[in-house]
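Taking this note's numbering, the leading residue of the sequence shown gets 1211, the next gets one more, and so forth. Just below is one structure, and these are the notes that go with it.
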Amino acid sequence: MGWQSRTRTLQVFDTELSADTVEWCPLPQWSHVLACGTYQLQKGDEKQTAENCSAPSRIGRLYLFQCNPQPSFIPPLTETQRVDTPAILDLKWCHVPISDRPVLGMATASGQIQLYKLVEPQQGTCVLENELSTELGPDRLALSLDWSTGRGESDVRVVSSDSSGSLTALSLGEAGLTAVCQWKAHDFEAWISAFSYWDTQIVYSGGDDCKLKGWDLRMSPSSPTFTSKRHTMGVCSIHSNPHREHILATGSYDENVLLWDGRSMKQPLSETAVGGGVWRLKWHPSQEHLLLAACMHNDFHILHCQKAMEGQDAPCPVLASYILHNSLAYGADWSRLPLSNSSPPSPQEPPQTVGLTESAGHLRIQYESPTASFDTSLEDDSGRYIPDRCPLPEKSSVPGPLSSSARDSQSLSCLMASCSFYDHMMHVWRWDWSPEEKQTPFEPTSSS
1211 MGWQSRTRTL
1221 QVFDTELSAD
1231 TVEWCPLPQW
1241 SHVLACGTYQ
1251 LQKGDEKQTA
1261 ENCSAPSRIG
1271 RLYLFQCNPQ
1281 PSFIPPLTET
1291 QRVDTPAILD
1301 LKWCHVPISD
1311 RPVLGMATAS
1321 GQIQLYKLVE
1331 PQQGTCVLEN
1341 ELSTELGPDR
1351 LALSLDWSTG
1361 RGESDVRVVS
1371 SDSSGSLTAL
1381 SLGEAGLTAV
1391 CQWKAHDFEA
1401 WISAFSYWDT
1411 QIVYSGGDDC
1421 KLKGWDLRMS
1431 PSSPTFTSKR
1441 HTMGVCSIHS
1451 NPHREHILAT
1461 GSYDENVLLW
1471 DGRSMKQPLS
1481 ETAVGGGVWR
1491 LKWHPSQEHL
1501 LLAACMHNDF
1511 HILHCQKAME
1521 GQDAPCPVLA
1531 SYILHNSLAY
1541 GADWSRLPLS
1551 NSSPPSPQEP
1561 PQTVGLTESA
1571 GHLRIQYESP
1581 TASFDTSLED
1591 DSGRYIPDRC
1601 PLPEKSSVPG
1611 PLSSSARDSQ
1621 SLSCLMASCS
1631 FYDHMMHVWR
1641 WDWSPEEKQT
1651 PFEPTSSS
């Protein structure tokens, strides 16, 4: 039996400020709740002289939405709250409730880790309340955070990385969020930090020094358990597989996704070229072989990792691609909301980009982004962003059913959210994976 894959846009939301992180609440009772974070550099007055020019400030905004995914012509998202904050570099929900409430962690450009509690002041409406915050140190940006709770761990801890190249392990208790240890991990920015969800004393980190490192919190953090230079550029994404022990996914500016067995970090299980720097990776909430990749200059892709996880040393084929964003693909996440398998109604059309000839436009250096890198973008005379056109990854064949649960249902429908930077857009979209009547060669699909 062949399989058919399709992505459909359901809603597009303008975040006004540059969007770089989006996260669905993982707790079943609140899985309809979605958070989105933004980052905006405010430069000083161009008329100011060098002597009195103030340092640029970084501002952000936290959005909260509720979702009704049932098929209808009404957009599924409803905005319930927006909070002005320091620029947000990362958002992560704790995987378990704390004092019976969902808690959202936020890494900010002010060098803080802030925690927000989800409450319901009115029946059926959720909002976030600032619970507490802690400073990582002076003159640094908090770049990432991860919770130790990926498999329901009751010992709730947070690990964060920052622009000084340091990692901080924090414990959440009655006294609040307390730093347990902090150490210099990378020569330059430490873009990403993550727990092993199977052994939460193990922490991974990636930095602009092109190194992937492992750390054991039971030992002195002065030396890593391993250092890998397998990535050739900065390592900016790491996610431990919550369904398969020892499996780790990493992404880099070198435009490759690597899969690893944590017991042997000398050589990856597989290497997949995705055509863009890999800013975020997310394993599916229940399907152990599915990996979502936000690929900066080359959109969003869903990878099938079964062969690689079985040790067959093969790249992970792309099942589907979402290509309707017109700017850097930064934030992406799977929703745990159940969807019906019936075909959704025709999606609303995303904003149209003004057509330009290849010779039109001006190359502009983007001096600031969540990566603090020197990105370039093409603009027209009105300052509108002209998207880069990068080729999609090569087509590959994949096995039929994804897993036992997919095999039983004979289909899979997922709700997704993604966001892009310079065009300050968040998209909600749907991916349907269903059987065909007869055997046909598999082809990955792009957005419709």
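No residue lacks a Cβ here, since even glycine has one placed at the ideal position from N, Cα and C.
Worksheet entry | For Arg1640: DSSP bridge partner residues | Arg1640 pairs with Arg1218, Leu1625.
Practice prompt. Could you give the DSSP three-state label for Trp1240: helix, strand or coil?
Written response: helix
Worksheet entry | Three-way DSSP call (helix, strand, coil) for Ala1395 in this model | Three-state DSSP puts Ala1395 in coil, outside helix and strand.
Worksheet item: In chain order, what residues of the same chain have a beta carbon less than 6 Å from the beta carbon of Val1293, not counting five sequence neighbours either side?
Response: Only Leu1272 meet the Cβ criterion.
Worksheet item: If you pair each beta-carbon of the region 1453-1472 with each one of the region 1409-1423, do three or more pairs fall below 8 Å?
Response: Taking 8 Å as the limit for Cβ pairs, the verdict is that the region 1409-1423 does touch the region 1453-1472.
Practice prompt. Grab me the residues of Phe1510's own chain with a C-beta within less than 6 Å of its C-beta, minus the 5 sequence neighbours each way, in chain order.
Written response: Ala1504, Tyr1532, Ala1539, Ala1542, Ser1628
Worksheet item: Helix or strand or just coil, what does DSSP make of Ala1389?
Response: strand
Worksheet item: In its own chain, which residues sit with a C-beta less than 6 Å from the C-beta of Ser1215, not counting the 5 before and 5 after it?
Response: Cβ-Cβ distances below 6 Å link Ser1215 to Leu1529, Ala1530, Trp1643, Thr1655 in the same chain, with the five nearest sequence neighbours on each side left out; the list follows chain order.
Worksheet item: Is the region 1425-1437 close to the region 1450-1461, with three or more CB pairs under 8 Å?
Response: no
Fill in: Proximity below 7 Å, CB of Thr1359 to CB of Val1306
yes
Worksheet entry | Residues of its chain near Gly1362, where Cβ-Cβ distance is below 7 Å and the 5 sequence neighbours each way are ignored | Cβ neighbours of Gly1362 beyond the five flanking positions: His1305, Val1306.
Worksheet item: So, is Thr1248 buried or exposed, given that buried needs 16 or more other C-beta atoms within 10 angstroms?
Response: Thr1248 comes out buried.
Item to complete: List the endpoints of the continuous alpha helix (DSSP H) containing Ala1483.
Response: Taken as a continuous stretch (DSSP letters only), Ala1483 belongs to no alpha helix (DSSP H), being part of the beta strand (DSSP E) at 1480-1483.
Practice prompt. Note the first and the last residue of the continuous alpha helix (DSSP H) segment covering Gln1516.
Written response: 1516-1519
Worksheet item: Secondary structure at Phe1510, three-state DSSP: helix, strand or coil?
Response: strand
Worksheet item: How is Arg1454 classed by DSSP in three states: helix, strand or coil?
Response: coil
Worksheet item: Where does the unbroken beta strand (DSSP E) through Ala1379 begin, and where does it stop?
Response: 1376-1383
Worksheet entry | Same chain, Cβ closer than 8 Å to Trp1364, neighbours up to 5 away in sequence not counted | It is Ser, not Trp, that sits at residue 1364 in the sequence shown. Only Val1306 meet the Cβ criterion.
Practice prompt. With DSSP as the reference, please indicate the residues paired to Cys1277 in a beta bridge.
Written response: Leu1287
Worksheet item: How about Pro1379 and Met1636: are their beta carbons less than 7 Å apart?
Response: Note that residue 1379 corresponds to Ala in the displayed sequence, not to Pro. No, the Cβ-Cβ distance between Ala1379 and Met1636 is not below 7 Å.
Worksheet item: Around the C-beta of His1296, are 16 or more other C-beta atoms found within 10 angstroms, so that it is buried, or is it exposed?
Response: As written in the sequence, residue 1296 is Pro, which differs from the His given in the question. When all chains shown are included, Pro1296 counts as buried.
Worksheet entry | Through-space distance from Gln1497 to Cys1624, alpha-carbon basis | 11 Å
Worksheet item: For His1453, which residues from the same chain have a beta carbon less than 6 Å from its beta carbon, with the 5 sequence-adjacent residues on both sides left out?
Response: Glu1498
Worksheet item: Cα separation between Leu1547 and Ser1371?
Response: 30 Å
Discussion item. Could you compute how far the alpha carbon of Gln1322 sits from the alpha carbon of Lys1253?
Written reply: C-alpha separation (whole angstroms): 21 Å.
Worksheet item: Taking the C-alpha atoms as reference points, what is the distance between Trp1401 and Leu1351?
Response: 10 Å
Discussion item. Quick check: what's the CA-CA separation for Phe1168 versus Asp1224?
Written reply: Outside the displayed span of the chain (1211 to 1658) sits residue 1168, for which this structure offers no information.
Fill in: Neighbourhood of Ala1389 by C-beta distance below 6 Å, restricted to the same chain and skipping five residues each side
If we look at Ala1389 and ignore the five residues flanking it on each side, its Cβ neighbours are Thr1378, Leu1380.
Fill in: Inter-residue Cα distance where the pair is Lys1517 and Trp1544
Approximately 22 Å between the Cα atoms of the pair.
Fill in: Rounded distance between the beta-carbons of Leu1314 and Gln1291, thought under 8 Å
At roughly 11 Å, the Cβ-Cβ gap does not stay under 8 Å, so Gln1291 and Leu1314 are not in contact.
Item to complete: Would you mind reading off the limits of the beta strand (DSSP E) that contains Glu1498?
Response: Where Glu1498 is concerned, there is no enclosing beta strand (DSSP E), given that its DSSP letter is neither H nor E.
Practice prompt. Buried or exposed for Glu1465, please, with buried defined as at least 16 other CB atoms from any protein chain shown within 10 angstroms of its CB.
Written response: The residue is buried, with at least 16 neighbouring Cβ atoms inside 10 Å.
Discussion item. Once DSSP output is grouped into helix, strand and coil, what is the label at Ile1533?
Written reply: coil
Worksheet entry | Contact belief for Leu1328 with Arg1311 at Cβ below 8 Å, rounded distance in angstroms | 6 Å
Item to complete: Give the range of the beta strand (DSSP E) segment to which Ser1415 is assigned.
Response: 1412-1416
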